[in-house]
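Okay, structure first, notes after.
Protein chains in written order, with UniProt numbering: chain G, 1 to 228; chain A, 1 to 228.
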């Protein structure tokens, strides 16, 4: 059995769902009864393409990474989900016009509140506020993905890597980044060797300092200038 | 003044809009009065990023190409719109969660029926069937774009070019394709030299025959095998 929501989880759910106040009392009661809190360890897969369809997830804590995966195992990160974010594609099976597959993993230890697919499907059929939230989410994620696409297509790799390191610094709140070259390659959809070569160039230019499993930003200003 | 719809245009509009029968009589009357038929010549731009926001367009005839454009002028085709297709992003300004820019051009002489932005915005606020159509369209286009993204990221260029030539053959209904190497480069988001080199390789392998402004498919079976 999955853990039922405690009082604080349910409070979080009420605040986190834009449509909560517009649900009928009976619908609110079903959320209370049927939602569950799930815990994931760093690296756990929450969703693997069309193999999974657990339901809508509200991130309670931690960080999720949404990415696509090629047949040969290459990855590229589409976007991240942080506390209060809603994960739509873990319920992808209920949207008939969505016919692509994403993978979702916990980038660090994470807790989510799950609205199971059956319940979420019913609510989105019955309640216009739920449908409206879904539509805003799809349009926002579409915009996120277009941003990644423009980066991949139109931006040179040195700019992309500089931008990625600066984003990581903002997310972590520190310029000491625990990242392997493999992890960066998976985020940016490229080969590890390409990442290593560019990081060595950044180091030779005095922008970063490299050590095992760690990249330290030492000249943020120059990285910013490079990222444009 | 733009030409008002004649009887046949209006018939086409009624059949082409999935939500038409669910509109109020007064809303139907406004469509009759306020929609216009617009004609474009091959190469005309219908929509240029955030500079334009004419409204929803229903393709009456011809073919539109929707693409993104980099600051340096590089392009990549996202999808095409044919007769009966609805063009959503020519009304992008009314969707607040859509914050990317696309360009739209007539790939051949085309006619569209335009529902002006002001009217379309009102209808989508007032009528749930209109909002529903918009949501299905956004999700479908999202899927189209993810397909392009996976191709660009994960597929080698020889496969992509083979697939592109086969798609063109299907669209044109002919293996004699009037395409310059520049046009293909813009579709696929690459440099002309890369296209030329690969086409010459295809020719040396007996899959295509090249002449000025023309590519002829001579071994469809091998192209299909290459495209996978």
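Glycine is no exception: its CB is placed at the ideal position from the N, C-alpha and C atoms.
Beta-carbon spacing of residue i, residue j below 8 Å
i, j, result
"residue 223 of chain A", "residue 166 of chain A", "yes"
"residue 226 of chain A", "residue 132 of chain A", "no"
"residue 148 of chain A", "residue 38 of chain A", "no"
"residue 104 of chain A", "residue 152 of chain A", "no"
"residue 108 of chain G", "residue 62 of chain G", "yes"
"residue 99 of chain A", "residue 143 of chain G", "yes"
"residue 123 of chain G", "residue 51 of chain G", "no"
"residue 30 of chain A", "residue 119 of chain A", "yes"
"residue 41 of chain A", "residue 64 of chain A", "no"
"residue 53 of chain G", "residue 92 of chain G", "yes"
"residue 145 of chain A", "residue 145 of chain G", "yes"
"residue 112 of chain A", "residue 183 of chain A", "no"
"residue 19 of chain G", "residue 130 of chain G", "yes"
"residue 228 of chain G", "residue 219 of chain G", "no"
Chain G contact for residue i (CB, 8 Å cutoff)
i, result
"residue 183 of chain A", "no"
"residue 43 of chain A", "no"
"residue 47 of chain A", "no"
"residue 135 of chain A", "yes"
"residue 121 of chain A", "no"
"residue 140 of chain A", "yes"
"residue 229 of chain A", "An answer regarding residue 229 of chain A cannot be provided, because it is not within the stretch 1 to 228 covered by chain A."
Within-8 Å CB hit, residue i to chain A
i, result
"residue 149 of chain G", "yes"
"residue 189 of chain G", "yes"
"residue 1 of chain G", "Because residue 1 of chain G sits at a pLDDT of 49, beneath the cut-off of 50, its placement in the model cannot be relied upon, and the following sentence gives the value as read from the coordinates. No, residue 1 of chain G does not count as interfacial toward chain A."
"residue 53 of chain G", "no"
Whole-number beta carbon distance between residue j and residue i, since they are thought to touch under 8 Å
i, j, result
"residue 114 of chain A", "residue 55 of chain A", "5 Å"
"residue 68 of chain A", "residue 188 of chain A", "Contact flag wrong, Cβ pair sits at about 13 Å."
"residue 117 of chain A", "residue 86 of chain A", "At roughly 14 Å, the Cβ-Cβ gap does not stay under 8 Å, so residue 117 of chain A and residue 86 of chain A are not in contact."
"residue 88 of chain G", "residue 138 of chain G", "7 Å"
"residue 178 of chain A", "residue 213 of chain A", "6 Å"
"residue 199 of chain G", "residue 217 of chain G", "Residue 199 of chain G to residue 217 of chain G, Cβ: 11 Å. No contact."
"residue 59 of chain A", "residue 140 of chain A", "Rounded, the Cβ-Cβ distance is 15 Å, inconsistent with contact."
"residue 154 of chain A", "residue 192 of chain G", "With 8 Å as the limit, residue 154 of chain A and residue 192 of chain G do not qualify as a contact, their Cβ atoms being about 16 Å apart."
"residue 197 of chain A", "residue 203 of chain A", "Incorrect: roughly 11 Å between the Cβ atoms, too far for contact."
"residue 246 of chain G", "residue 32 of chain G", "Outside the modelled stretch of chain G, which goes from 1 to 228, sits residue 246 of chain G, for which no answer is possible."
Span of the beta strand (DSSP E) around residue i
i, result
"residue 215 of chain A", "214–217"
"residue 240 of chain G", "Outside the shown range of chain G (1 to 228) lies residue 240 of chain G, about which nothing can therefore be said."
"residue 178 of chain A", "Where residue 178 of chain A is concerned, there is no enclosing beta strand (DSSP E), given that its DSSP letter is neither H nor E."
"residue 116 of chain A", "103–116"
"residue 36 of chain A", "36–40"
"residue 81 of chain G", "75–81"
"residue 46 of chain G", "45–48"
Terminal residues of the alpha helix (DSSP H) in which residue i lies
i, result
"residue 205 of chain A", "Per DSSP, residue 205 of chain A belongs to no alpha helix (DSSP H) and is neither H nor E."
"residue 131 of chain A", "128–154"
"residue 8 of chain G", "7–16"
"residue 171 of chain G", "157–172"
"residue 221 of chain G", "220–227"
Q) For the segment 144–173 of chain G, which residues have a beta carbon sitting closer than 9 Å to at least one beta carbon of chain A? A) Correct list: 145, 146, 147, 148, 149, 150, 152, 153, 154, 155.
Q) Using a Cβ cut-off of 7 Å, which residues of the segment 93–109 of chain A contact any Cβ in chain G, in chain order? A) The residues in question are 95, 97, 98, 99, 100.
Q. Given a limit of 7 Å on CB to CB distance, which residues of the segment 56–86 of chain A reach chain G?
A. The residues in question are 68, 70, 74, 76.
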